[in-house]
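For what it's worth, our numbering labels the leading residue of the sequence shown as 1, then goes sequentially. Just so you know, even glycine gets a beta-carbon here, dropped at the ideal spot from N, CA and C. None of the values given here were measured: they were computed from a predicted structure. All remarks here apply to the structure that follows.
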Amino acid sequence: QQANQPSRSQQSSPRVSRPRTTVACEFCRARKLKCDGVRPFCYNCNRRGLACTYRP
1 QQANQPSRSQ QSSPRVSRPR TTVACEFCRA RKLKCDGVRP FCYNCNRRGL ACTYRP
């Protein structure tokens, strides 16, 4: 090992920040999934072919 090189566990990778949605759809809320909040269909519902509903 070289003393000047940090180990791989000490190196941090850049994190991608996603905008936080204020409301999750019913499916994502029930399954405790990350919901992107896109209407009329969020990513998870669109991928599964489900009706995407939001609580008022």
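Residue range 26-31 is occupied by the alpha helix (DSSP H) that includes F27. In this structure, the alpha-carbon of T22 lies about 14 Å from that of L33. DSSP places Y43 in the helix class (H, G or I) of the three-state scheme. With fewer than 16 other CB atoms across the displayed protein chains lying within 10 angstroms of its CB, A51 is exposed.
With at least 16 other beta carbons inside 10 angstroms of its own, A24 counts as buried.
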